[in-house]
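Novice: My structure is below; once you've seen it, I'll send some questions.
Number of protein chains: 4
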Amino acid sequence: MARYFKSDNTAPVAPEIIAAISAANTGFARGYGDDDWSLQLDDRFSEIFERRVKVFPVSTGTAANSLALATLVPPYGAILTHEEGHIVRDECGAPEFMSGGARLVLMQGAGAKVTPEALAATLAANPTSVHTMQPRALSLTQATELGTVYSPAELQALCTLAHARGLAVHMDGARFANAVVGLGCSPAEITWRAGIDILSFGATKNGALTAEAVVFFDCERIADFEFRRKRAAHLLSKMRFVSAQLLAYLNQGLWLRLAGRANTLAQRLAAAAAPLLMHPVQANELFLRVGDAGAAALRASGFEFYDWGASGSGEVRLVVSWNQPEEDVDALCAALAKLTAGASSRCP
Amino acid sequence: MARYFKSDNTAPVAPEIIAAISAANTGFARGYGDDDWSLQLDDRFSEIFERRVKVFPVSTGTAANSLALATLVPPYGAILTHEEGHIVRDECGAPEFMSGGARLVLMQGAGAKVTPEALAATLAANPTSVHTMQPRALSLTQATELGTVYSPAELQALCTLAHARGLAVHMDGARFANAVVGLGCSPAEITWRAGIDILSFGATKNGALTAEAVVFFDCERIADFEFRRKRAAHLLSKMRFVSAQLLAYLNQGLWLRLAGRANTLAQRLAAAAAPLLMHPVQANELFLRVGDAGAAALRASGFEFYDWGASGSGEVRLVVSWNQPEEDVDALCAALAKLTAGASSRCP
Amino acid sequence: MARYFKSDNTAPVAPEIIAAISAANTGFARGYGDDDWSLQLDDRFSEIFERRVKVFPVSTGTAANSLALATLVPPYGAILTHEEGHIVRDECGAPEFMSGGARLVLMQGAGAKVTPEALAATLAANPTSVHTMQPRALSLTQATELGTVYSPAELQALCTLAHARGLAVHMDGARFANAVVGLGCSPAEITWRAGIDILSFGATKNGALTAEAVVFFDCERIADFEFRRKRAAHLLSKMRFVSAQLLAYLNQGLWLRLAGRANTLAQRLAAAAAPLLMHPVQANELFLRVGDAGAAALRASGFEFYDWGASGSGEVRLVVSWNQPEEDVDALCAALAKLTAGASSRCP
Amino acid sequence: MARYFKSDNTAPVAPEIIAAISAANTGFARGYGDDDWSLQLDDRFSEIFERRVKVFPVSTGTAANSLALATLVPPYGAILTHEEGHIVRDECGAPEFMSGGARLVLMQGAGAKVTPEALAATLAANPTSVHTMQPRALSLTQATELGTVYSPAELQALCTLAHARGLAVHMDGARFANAVVGLGCSPAEITWRAGIDILSFGATKNGALTAEAVVFFDCERIADFEFRRKRAAHLLSKMRFVSAQLLAYLNQGLWLRLAGRANTLAQRLAAAAAPLLMHPVQANELFLRVGDAGAAALRASGFEFYDWGASGSGEVRLVVSWNQPEEDVDALCAALAKLTAGASSRCP
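Protein chains in written order, with my numbering: chain L, 42 to 389; chain A, 42 to 389; chain W, 42 to 389; chain Z, 42 to 389.
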């Protein structure tokens with residue numbers, strides 16, 4: 042039987058969340074977010090973030106990201122972001138679509154992290170002019186697409202630069218829980234206290250069925266979000282079933298427990314694969330240079346995962362899910378140790 | 042305690058469908074529709090429709106409608122439809138958004154039904170010219186927003202007219218099950234056999250949690266649907282949980298059983314309210330002229346429903362859900378009988 | 042040789058304007074509106090309108106209308122307008138395109154004029170709700186598409202209603218000069234003094250080569266107009282040649298002289314055609330019910346014009362241009378007199 | 042008095058073209074391209090290109106580029122192009138806007154030229170997947186934004202690669218005449234014979250008032266161009282005045298004479314500035330590394346031009362226009378010779 046390390050979005054739903062869905066299935070309830078579950082969300086998220094926030098549930102991370110960005114930038118706006126971002130590579134142009142044709146301006150940086158230098162240079166290269174698209178938002182991913190995290194100080198430096206030029210800052214938090222656990226920070230420290238204006242708060246990858254939330258720290262920016270969500274067909278009639286997921290996800294720290302388990306197992310793999318690591322392992326993803334032969338060997342042993350990087354690079358991505366069987370991790374550690382031994386002996 | 046007749050989207054989820062979601066929650070599964078549940082959909086729907094069809098699940102009826110229409114018309118296209126349609130009144134411009142700015146051209150007709158005369162006149166008034174938007178699709182609602190249905194012959198007449206001018210025909214089937222039951226037809230008879238090219242197949246209002254499907258009868262029209270769905274953030278990673286709902290919905294006729302119950306109860310109400318009826322009751326909705334005092338009296342008795350029509354018209358809408366308690370219906374029949382008695386005595 | 046009454050946009054360019062283009066053709070000049078001609082526009086238009094205004098030249102009336110409207114409404118906005126409007130019938134969806142998918146909500150009214158009653162009813166039928174498109178602009182045409190004009194008082198009543206609900210008011214002034222002359226009003230009286238926020242100021246139909254201007258009375262609304270104009274490819278590099286046209290058009294009352302001539306000739310025709318008139322002749326257009334035979338007779342005599350209304354209605358449109366030869370008008374008067382005589386004798 | 046080398050779009054209009062505009066100003070003419078001038082365009086361009094082509098005039102190069110690209114790619118399409126392109130840097134997102142949110146995917150290459158290697162690598166990095174934007178067009182600039190040209194063989198190699206993957210190829214020919222002259226090729230050789238599908242044929246920079254044309258070599262691709270042009274407000278009513286410009290521009294080789302003069306003068310400057318040249322001078326633009334002091338010295342002598350590259354790079358752009366006074370060129374040669382002498386002495 043296959044051992045999946047392809048993506049955390051292939052994982053099942055946490056039992057607590059399935060139970061919450063069933064529990065919400067009681068008779069009639071007002072539609073479109075006017076139900077008893079949805080009406081609790083603002084308060085519940087405000088507790089988590091230690092300040093008043095406004096929360097809008099949606100079904101997909103792509104919806105959260107692109108609707109949030111469409112609220113931040115005009116159609117002629119530029120969204121500055123890392124070239125490895127999900128909004129760049131995996132959303133088939135949803136940000137362009139939702140915004141009416143805004144542009145993603147790409148930056149580079151190790152570990153898929155935007156640096157202040159890259160941001161400053163990009164801002165300098167995009168001056169205000171009627172002939173060019175106008176930088177209006179910075180979008181950062183936490184944890185990043187390469188399994189690294191931004192520290193609060195790193196975020197603050199970037200947000201300060203962005204705000205000085207009038208840009209709003211969006212955080213793609215599809216793996217926000219993994220970042221919070223990985224950093225040992227409070228949710229507030231890596232969001233509004235560091236300058237983040239809007240967060241895509243992910244839950245689906247970390248145990249929900251289909252539940253994400255857009256969290257506004259700056260209520261003035263909400264403006265027309267609700268119209269945009271409806272118009273993009275993301276206002277669910279039976280919203281209670283998404284909101285119930287989010288409430289269960291936050292209840293008694295479930296979200297951090299699930300992410301913590303995945304992160305811990307990822308650390309165990311990181312230790313086994315140390316010489317092969319391409320990036321620090323700070324959340325629940327590992328990127329390894331195993332060589333094409335190494336990748337083939339792992340697949341032959343029943344492990345499923347994605348190749349990464351250019352064809353022939355011998356790079357692979359391994360994602361640990363909240364429900365990853367311990368035995369899969371143990372088996373993978375053993376397999377990686379074998380590869381590592383080889384690698385060490387080959388690389389003096 | 043309130044007795045809800047506001048909308049079938051305030052109803053809970055059928056137990057069979059909740060059970061199917063739980064049953065699908067087993068270990069890892071490929072994402073984005075490549076799972077074992079989703080891969081059954083084409084076959085299953087092909088059985089239901091007695092021909093090969095291609096099916097794409099989405100989360101909302103608005104997504105189904107607007108993505109289907111965006112596949113049919115260019116940005117400069119016109120979508121001909123009845124002025125009472127959901128796409129006109131209740132989707133905040135989703136069709137315009139998804140299509141890149143197409144236009145809804147509105148028609149009138151009793152019972153929210155488009156007539157061949159209205160369609161012919163509208164086509165004649167919109168000739169081909171570079172200065173005007175080009176009619177490219179006809180969108181019909183089955184059952185309509187006023188609780189009536191199109192017969193197979195009526196559909197055929199409209200589709201023939203539309204096809205002759207090169208328009209594709211879309212059916213908004215948010216209450217498709219209620220229409221099938223109400224007409225006593227096969228699904229095929231009121232879709233592709235009558236000339237429908239694409240169907241928004243609704244399940245949410247009739248007992249699903251959040252599951253709709255776009256059904257293509259003409260596979261050449263699919264073209265770019267999948268890219269559009271992804272780009273609009275409606276391709277779910279954990280798609281299995283939507284597909285499992287649809288499979289359960291179709292299993293052993295559940296969908297027709299649920300709709301049948303609602304329709305039958307609606308007929309009971311129709312009998313009680315006969316003199317007040319504004320439109321024939323052919324599905325699960327009633328539109329009554331009860332007067333403002335009548336509406337107030339019903340509300341005072343604990344019934345919840347929407348006013349309809351212009352302010353002061355004294356018109357109301359009552360929707361019967363799949364799970365409507367019999368006692369609510371009995372109580373409403375009694376209340377309506379009282380109103381009717383009054384009405385009869387007042388109107389010689 | 043044919044006698045054209047098809048449209049004022051088939052007319053040539055006034056000699057003063059051709060001369061101004063040649064005069065502007067002197068050596069290098071800064072591009073994109075930073076030239077000596079363009080820099081005079083704000084002052085010149087401010088004199089004409091008796092208050093500070095901000096002016097942006099564009100090449101087409103459709104560009105002026107649709108860019109102005111896109112500045113006023115969000116993508117989920119509704120633009121309320123008369124069903125006979127140019128933005129509805131003759132721009133192939135430019136307002137929808139420029140705005141990112143806003144909707145035109147249509148009103149009726151005699152002589153192509155919106156009435157306060159129609160506006161109030163339409164506003165009442167479009168309440169604020171996340172499910173529906175939001176009325177954000179009213180667009181009025183002056184002179185209208187049926188050759189009538191709004192009086193200052195009529196405009197004021199409509200603007201007051203619109204502003205009370207938060208809508209901005211746009212005026213499509215493709216034939217603004219004809220309206221000013223027809224009403225004997227100052228430009229200010231039928232624009233900002235009556236409550237108009239933005240004007241599409243037309244010149245092309247009335248003697249320019251290709252020159253229109255968007256005039257902002259409310260500078261806060263300018264917001265992002267310049268970016269939108271550039272992005273829609275309507276910021277000309279050699280802008281001086283458009284601005285020079287506008288300056289010549291306004292110089293020494295040329296614009297009113299040209300429009301005055303057309304209006305006067307139209308009045309002569311109106312007198313000859315009195316019994317056939319469908320609408321008051323208040324600018325430079327006549328709409329006549331001549332019958333199919335009458336239309337054929339006119340065409341046989343060498344007159345060119347458009348049929349109007351439904352096929353078989355026997356209605357025609359005649360437009361008088363700034364350069365219309367007197368002899369064409371005389372000949373048409375004679376031909377119309379014949380038809381009228383017939384009409385009178387036929388209709389006791 | 043200043044000596045302008047800022048841009049060829051600051052130049053005046055060639056006398057032959059002004060004369061043609063005046064000559065076209067004779068009485069009535071049908072609107073929207075149905076006039077005698079516009080109806081000659083297809084034939085005239087077909088002669089120039091030695092095959093049947095279909096031509097659509099527009100007012101700006103940005104309109105030509107973005108409308109052409111919108112015809113080639115779906116909203117989820119990717120347009121591959123050099124990062125220095127006008128469509129990337131100077132059109133405020135017009136391609137994104139006209140296409141409904143397509144994406145520009147950027148490539149690098151010396152002299153602003155796309156290389157087959159860069160194109161192949163970019164295609165490999167953008168595989169077909171529902172999660173990513175789909176490469177559908179390649180856009181090349183001829184002459185490039187850095188004053189270089191593609192040879193027929195270079196174009197052929199790129200077109201072959203693009204077509205093999207199903208991409209259409211667009212050429213931005215804002216300075217097409219300068220390229221034709223610079224290469225000594227026929228128009229056919231560097232367009233359809235090399236594989237170009239659509240050309241933005243520029244005239245404004247090279248002596249027209251405001252006239253560009255979209256030339257389709259592959260008529261099947263025209264599809265919906267006319268609707269898109271109208272909808273973007275680029276279908277002019279008095280089209281004859283644009284078409285007359287284009288006819289005059291092509292008449293008796295005027296276009297090549299004007300471009301030839303500019304190119305020849307540019308060569309004279311190139312000789313004087315040889316050691317400072319950053320790119321080969323193959324059309325009418327020079328890019329020089331003069332240092333900040335050198336730039337200041339040139340400006341002090343009355344020359345006007347743009348800095349280029351990053352702030353502090355000491356790089357400048359000089360553009361020679363069709364009407365550039367010889368004395369300006371002589372004076373600039375002298376000034377450059379001084380700088381060059383200094384440069385040589387400073388750089389052993």
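From the three backbone atoms N, C-alpha and C, an ideal C-beta is built for every residue, glycine too.
Ordered along the chain, which non-local residues of its own chain (more than five positions away) have a Cβ less than 7 Å from that of Z:Thr189?
Specialist: Gly152, Ala153, Lys154, His320, Pro321 and Gln323
Novice: Taking C-alpha atoms, which residue in A:Leu317, A:Tyr347 and A:Val360 lies nearest to A:Leu377?
Specialist: A:Leu317
Novice: Thinking just about the alpha-carbon of each residue, which of W:Ala218, W:Leu196 and W:Ala119 is nearest to the one in W:Val171?
Specialist: W:Ala119
Novice: Which residues in the same chain have their Cβ closer than 6 Å to the Cβ of A:Gly126, if we skip the five residues on either side of it in sequence?
Specialist: Thr182
Novice: Cβ closer than 9 Å: which chain Z residues qualify as neighbours of W:His275?
Specialist: Ser100, Thr101, Thr103, Ala104, Ala273, Ala274 and His275
Novice: Hey, how far is the Cα of W:Tyr290 from the Cα of W:Pro228?
Specialist: 15 Å
Novice: Roughly how many whole angstroms lie between the Cα atoms of Z:Ala254 and L:Asp265?
Specialist: 39 Å
Novice: Looking only at DSSP bridge pairs, what is A:Gly243 linked to?
Specialist: Paired residues: A:Glu253.
Novice: Less than 9 Å between the C-beta atoms of W:Ala105 and W:Phe242, yes or no?
Specialist: Cβ distance < 9 Å, so W:Ala105 and W:Phe242 count as in contact.
Novice: Select from L:Leu187, L:Ala161 and L:Val94 the residue whose C-alpha is nearest the C-alpha of L:Arg206.
Specialist: L:Ala161
Novice: So is L:Gly355 in contact with chain Z if we call contact Cβ pairs under 9 Å?
Specialist: no
Novice: Rounded to whole angstroms, what is the Cα-Cα separation between W:Cys388 and W:Pro193?
Specialist: In this predicted model, W:Cys388 has a pLDDT of only 40, less than 50, meaning its place in the structure is not dependable enough to derive any value.
Novice: Can you name the residues of chain L whose CB is closer than 7 Å to the CB of A:Val54?
Specialist: Chain-ordered, the chain L residues with CB closer than 7 Å to the CB of A:Val54 read Asn66.
Novice: Z:Ile89 and Z:Ser107: beta carbons closer than 9 Å?
Specialist: no
Novice: Drop a sphere of 10 angstroms on the beta-carbon of L:Ile58, count the other beta-carbons inside from all chains shown, and report buried for 16 or more, exposed for fewer.
Specialist: buried
Novice: Out of Z:Glu137, Z:Ile231 and Z:Leu121, which one is the CA nearest neighbour of Z:Met148?
Specialist: Z:Leu121
Novice: Would you mind listing the alpha helix (DSSP H) stretches within the stretch 86-141 of chain L that are 4+ residues and don't spill past its ends, in chain order?
Specialist: Here the runs fully enclosed are 102-113, 127-130 and 135-140.
Novice: Quick check on A:Asn50: buried or exposed, where buried means 16 or more other Cβ atoms within 10 Å of its Cβ?
Specialist: A:Asn50 is buried by the Cβ-count criterion.
Novice: For a quick check, are the C-beta atoms of A:Thr251 and L:Lys279 less than 9 Å apart?
Specialist: yes
Novice: Report yes or no: is there a C-beta of chain L within less than 9 Å of the C-beta of Z:Thr173?
Specialist: yes
Novice: Going by alpha carbons, who is nearest to Z:Ala159 out of Z:Phe97, Z:Glu195, Z:Ala375 and Z:Tyr45?
Specialist: Here the closest residue by C-alpha is Z:Glu195.
Novice: Can you pull the DSSP bridge partners for A:Arg44?
Specialist: Bridge partners of A:Arg44: A:Phe344.
Novice: Taking buried to mean at least 16 other C-beta atoms within 10 Å of its own C-beta, is L:Glu137 buried or exposed?
Specialist: buried
Novice: Have a look at L:Ala55 and A:Gln365 and give me their C-alpha separation to the nearest angstrom.
Specialist: 31 Å
Novice: Of all the options Z:Leu297, Z:Phe282 and Z:Glu326, which has the alpha carbon lying nearest to the alpha carbon of Z:Ala307?
Specialist: Z:Glu326
Novice: Name the DSSP bridge partner or partners of L:Val357?
Specialist: L:Leu329 and L:Asp348
Novice: Give the straight-line distance between the Cα atoms of W:Thr169 and A:Ser140, rounded to the nearest whole angstrom.
Specialist: Taking the straight line from one Cα to the other gives about 24 Å.
Novice: Using beta-carbon positions only, say whether Z:Gly332 and Z:Gly301 come within less than 9 Å of one another.
Specialist: no
Novice: Just the C-alpha distance for A:Glu368 and L:Asp77, rounded to the nearest angstrom, thanks.
Specialist: 24 Å
Novice: Who pairs with Z:Val210 in a beta bridge, going by DSSP?
Specialist: DSSP output for Z:Val210 lists Z:Leu179 as bridge partner(s).
Novice: From what residue to what residue does the alpha helix (DSSP H) around L:Val221 run?
Specialist: First-last of the alpha helix (DSSP H) with L:Val221: Phe217 to Leu224.
Novice: Using C-beta distances below 6 Å, list every residue in its chain close to A:Glu345, excluding the 5 sequence neighbours before and after it, in chain order.
Specialist: Ala43, Tyr45 and Lys47
Novice: Counting C-beta neighbours from all protein chains within 10 Å, is the total for W:Ser79 16 or more, i.e. buried, or is it exposed?
Specialist: buried
Novice: Quick one: Cα of W:Val370 to Cα of Z:Leu208, how far?
Specialist: 56 Å
Novice: If we call anything under 9 Å between Cβ atoms a contact, is A:Val210 one with A:Ile239?
Specialist: Yes, the Cβ-Cβ distance between A:Val210 and A:Ile239 is below 9 Å.
Novice: Taking DSSP as the reference, what is the three-state secondary structure of W:Val370?
Specialist: Three-state result, W:Val370: helix.
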